[in-house]
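Asks:
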Amino acid sequence: MRIFDGHNDILSQLQREGQGITPFLEGRAGHIDALKCRESGMVGGLFAVYVPSPSPGGSFLEQLQAPSYDLALPEPIPWREALPVALEQVALALKLEAAGAVRLCTSVAEIETTVADGSLALVLHMEGADALDPELHMLDVLYASGLRSLGLVWSRNTIFAQGVPFRYPSGPDIGAGLTDLGRDLVARCNGKRILVDLAHLNEAGFWDVADISTAPLVASHSNAHVLCPHARNLTDDQLAAIARSGGLVGLNFATAFLRQDGRMVDVDLAPMMAQLEHLIAHVGAEGVGLGSDFDGALVPSEIGSAAGLPVLVQAMETHGFAARQIEQICHLNWMRVLRDTWGG
Ligand code: ZN
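Just so we're aligned: the sequence shown equals residues 0 to 343 in numbering that gives the first Met the number 0.
#1: Near Arg155, what residues of its chain come up, given a Cβ to Cβ distance below 8 Å and the 5 sequence neighbours on each side ignored?
#2: Rounded to whole angstroms, what is the Cα-Cα separation between Val195 and Leu95?
#3: Does the distance from the CB of Gly246 to the CB of Leu275 come in under 8 Å?
#4: Does the distance from the C-beta atom of Ser118 to that of Val140 stay below 8 Å?
#5: Should His199 be listed as close to the ligand ZN, given that the test is whether its C-beta is under 7 Å from any heavy atom?
#6: Which runs of the alpha helix (DSSP H) spanning at least 4 residues fall entirely within the stretch 73–104, listed in chain order?
#7: Suppose only complete runs of 3+ residues qualify. What are the beta strand (DSSP E) ranges in the stretch 240–281, listed by chain order?
#8: How about Ala218 and Ala198: do their beta carbons lie closer than 8 Å?
#9: Quick check: what's the CA-CA separation for Asp8 versus Ile173?
#10: Using 10 angstroms around the beta-carbon of Pro356, count the other beta-carbons present and answer buried if the total reaches 16, otherwise exposed.
#11: Taking 7 Å as the cut-off, is the CB of Gly343 close to at least one heavy atom of the ligand ZN?
#12: Tell me the rounded alpha-carbon separation between His229 and Leu70.
#13: Quick check on DSSP: helix, strand or coil for Met41?
#14: How far does the beta strand (DSSP E) with Glu326 in it extend, from its first residue to its last?
#15: CA-CA distance, Leu297 and Leu308?
#16: Count Cβ pairs between the stretch 231–247 and the stretch 310–317 that sit closer than 8 Å; are there 3 or more?
#17: Over the uninterrupted beta strand (DSSP E) stretch that includes His229, give me the two end residues.
#18: Looking at the structure shown, is Asn201 part of a helix, part of a strand, or coil, going by DSSP?
#19: So what does DSSP say about Ile31, is it helix, strand or coil?
#20: Enumerate in chain order the residues of its own chain whose CB-to-CB distance from Ser212 is below 7 Å, with the five nearest sequence positions on each side excluded.
#21: Is Leu196 near the ligand ZN, with its Cβ less than 7 Å from a heavy atom?
#22: For Glu87, collect the residues of the same chain with a Cβ closer than 7 Å to its Cβ; drop the 5 residues on either side in sequence, then sort them by chain order.
#23: Using 8 Å as the Cβ pair cut-off and three pairs as the minimum, do the stretch 32–41 and the stretch 144–151 touch?
#24: Does DSSP put Gly307 in a helix, in a strand, or in coil?
#25: Whole alpha helix (DSSP H) runs in the stretch 118–168 with 4 or more residues, listed along the chain?
#26: For Ile20, does the three-state DSSP call read helix, strand or coil?
#27: Checking the sheet assignment: what are the DSSP bridge partners for Phe293?
#28: Taking the CB atoms as reference points, tell me whether Trp333 and Ser106 lie closer together than 8 Å.
#29: In its own chain, which residues sit with a C-beta less than 6 Å from the C-beta of Ser169, not counting the 5 before and 5 after it?
#30: How big is the Cα-Cα spacing for Asp207 and Leu177?
#31: On a CA-only basis, which of Glu301, Asn232, Gly261 is nearest His277? Give me that one, please.
#32: Using 8 Å for Cβ pairs, my map puts Val114 next to Arg1. What's the rounded Cβ distance?
#33: By DSSP, does Gly288 sit in helix, in strand, or in coil?
#34: Should Gly343 go down as buried or exposed, given a rule of 16 or more other Cβ atoms within 10 Å for buried?
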């Protein structure tokens, strides 16, 4: 089964490890590397550029293991500080391409050619617009470097919007909507046909984007709030808006967004099946894909890494999803929404 995944954090992981692209090439990287993708049929995905915040109070993922939690939003990062960190990750993507491990794709036709050639399609995404200046000159620079997908925020405020905190239990309606600069940025993204990602945006910001964006609404790695009442997950009203726009939701594998109790500890695959059922019921058969969060979160141990993706496909078959539906979830729906967003 071909798998195109909506979200991974391997670029920031490689940057943190400080050994360049070698761990990816040699099959020693975390959840995603060249060997794991080849083994599992993962043919491509959105690779996030992500500027980390220092984590006070211990490991970020460990803080999410408590029965309830309410993490303060980290301090905003000025764009001049965020930019070199982001550009180093873009450089890692370019190095992966130069080494022949991936092809950086900016159209669905390119993704399809890349997959047909047996190579890995890398779509450059930026998780949070921290590295963009108010005049948006850097948007043009990053676009020229291949950026085709952008989230206005990670769970941290920017000059464009407010991120949703890691809070459980909680609804997503926390904080104000987009700033004027945020509205400008959405319009610029629409004009350049850059995908605007709604994952990590608070609810007010979500509705602002829904009001002004001319593109399908996409949440690359988010789950249904009714099954796991985490602030990061989407209400049924939000899912309905995504459906109306012809958009897509990518199933997030992070256990804290799957488990009903919101804890970032192991879980079996049953909640993933329940999430898929709910998302398909509310967003539609053509509106659900995968958004693993590989290398950014704890994922169910039965999957473990990109090498375990066939286990997820098997679980979908056993659960009774039709073959066509599984293909749609695994790659066809992402191709559809990228084509609708980018054109061509
Ligand atoms: Zn994320």
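Every residue, glycine too, gets a C-beta built ideally from N, C-alpha and C.
Replies: Quick look at the numbers:
#1: Counting from 1 along the sequence shown, the entry for residue 155 is found at position 156. Once the five neighbours on either side are set aside, the close Cβ partners of Arg155 are Ser52, Leu72, Pro73, Glu74, Pro75, Ile76, Gly127, Asp129, Gly162.
#2: Taking the sequence shown and counting its residues from 1, one reaches residue 195 at position 196. Taking the sequence shown and counting its residues from 1, one reaches residue 95 at position 96. If you take the alpha carbons of Val195 and Leu95, they lie about 25 Å apart.
#3: What you label residue 246 is simply residue 247 of the sequence shown in a count that begins at 1. What you label residue 275 is simply residue 276 of the sequence shown in a count that begins at 1. Contact check for Gly246 against Leu275 fails: the beta carbons are separated by 8 Å or more.
#4: Along the sequence shown, one-based indexing puts residue 118 at 119. Along the sequence shown, one-based indexing puts residue 140 at 141. No, they are not a contact pair.
#5: Within the sequence shown, numbered from 1, the residue matching residue 199 stands at position 200. Yes, the beta carbon of His199 sits closer than 7 Å to at least one heavy atom of the ligand ZN.
#6: 78–97
#7: 247–250
#8: Here residue 218 refers to the residue found at position 219 when the sequence shown is read from its first residue. Here residue 198 refers to the residue found at position 199 when the sequence shown is read from its first residue. Yes. Within cutoff.
#9: Here residue 8 corresponds to residue number 9 of the sequence shown, with the count starting at 1. Here residue 173 corresponds to residue number 174 of the sequence shown, with the count starting at 1. Looking at the two C-alpha atoms, the distance is approximately 25 Å.
#10: With the chain running from 0 to 343 in the structure shown, residue 356 is simply not present.
#11: Stepping through the sequence shown from its first residue, residue 343 is reached at position 344. Result no, Cβ not under 7 Å from the ligand ZN.
#12: What you label residue 229 is simply residue 230 of the sequence shown in a count that begins at 1. What you label residue 70 is simply residue 71 of the sequence shown in a count that begins at 1. Those two C-alpha atoms are separated by around 12 Å.
#13: Here residue 41 is taken as the residue at index 42 of the sequence shown, counted from 1. Note: Met41 maps to strand in three-state DSSP.
#14: To locate residue 326, count along the sequence shown from 1; it is residue 327. Where Glu326 is concerned, there is no enclosing beta strand (DSSP E), although the alpha helix (DSSP H) it sits in stretches over 322–326.
#15: Walking along the sequence shown from the start, residue 297 turns up at place 298. Walking along the sequence shown from the start, residue 308 turns up at place 309. If I take the Cα positions, the gap works out to 15 Å.
#16: Taking 8 Å as the limit for Cβ pairs, the verdict is that the stretch 310–317 does not touch the stretch 231–247.
#17: Stepping through the sequence shown from its first residue, residue 229 is reached at position 230. Taken as a continuous stretch (DSSP letters only), His229 belongs to no beta strand (DSSP E), as it is neither H nor E.
#18: Sequence index remark: in the sequence shown, residue 201 carries index 202 (1-based). Looking at Asn201 - three-state DSSP - the assignment turns out to be coil, as it is neither helix nor strand.
#19: Position 32 of the sequence shown holds residue 31. If DSSP states are grouped into helix, strand and coil, Ile31 belongs with coil.
#20: Position 213 of the sequence shown, counting from 1, holds the residue named residue 212. Cβ neighbours of Ser212 beyond the five flanking positions: Val185, Asn189, Val195.
#21: Locating residue 196 in the sequence shown gives position 197, where the first residue counts as 1. A quick correction: the sequence has Asp, not Leu, at residue 196. Asp196: no, Cβ never under 7 Å from the ligand ZN.
#22: Numbered from 1 along the sequence shown, position 88 holds the residue referred to as residue 87. The beta carbon of Glu87 is closer than 7 Å to those of Gln14 in its chain, skipping five residues each way along the sequence.
#23: no
#24: Locating residue 307 in the sequence shown gives position 308, where the first residue counts as 1. Reduced to three states, the DSSP call for Gly307 is helix.
#25: Listed in chain order, the complete alpha helix (DSSP H) runs (minimum 4 residues) inside the stretch 118–168 are 136–143.
#26: Position 21 of the sequence shown, counted from the first residue, corresponds to residue 20. Reduced to three states, the DSSP call for Ile20 is coil.
#27: Counting from one through the sequence shown, the residue named residue 293 turns up at place 294. In the DSSP output, where bridge partners are listed per residue, Phe293 has Asn7.
#28: Your numbering for residue 333 matches position 334 in the sequence shown. Your numbering for residue 106 matches position 107 in the sequence shown. Against a cut-off of 8 Å, the Cβ pair of Ser106 and Trp333 comes out as no contact.
#29: As a first step, residue 169 is located in the sequence shown; it is residue number 170 there, counting from the start. Cβ within range, chain order: Ala230.
#30: Counting from 1 along the sequence shown, the entry for residue 207 is found at position 208. Counting from 1 along the sequence shown, the entry for residue 177 is found at position 178. Rounded to the nearest angstrom, the two C-alpha atoms are 6 Å apart.
#31: Walking along the sequence shown from the start, residue 277 turns up at place 278. Comparing Cα positions, the closest option is Asn232.
#32: For the purposes of this step, residue 114 is taken as the residue at position 115 of the sequence shown. For the purposes of this step, residue 1 is taken as the residue at position 2 of the sequence shown. That belief holds up - the Cβ atoms of Val114 and Arg1 are roughly 7 Å apart, short of 8 Å.
#33: Here residue 288 corresponds to residue number 289 of the sequence shown, with the count starting at 1. Reduced to three states, the DSSP call for Gly288 is strand.
#34: Working through the sequence shown from its first residue, we reach residue 343 at position 344. Classification of Gly343: exposed, given that the 10 Å Cβ count is below 16.
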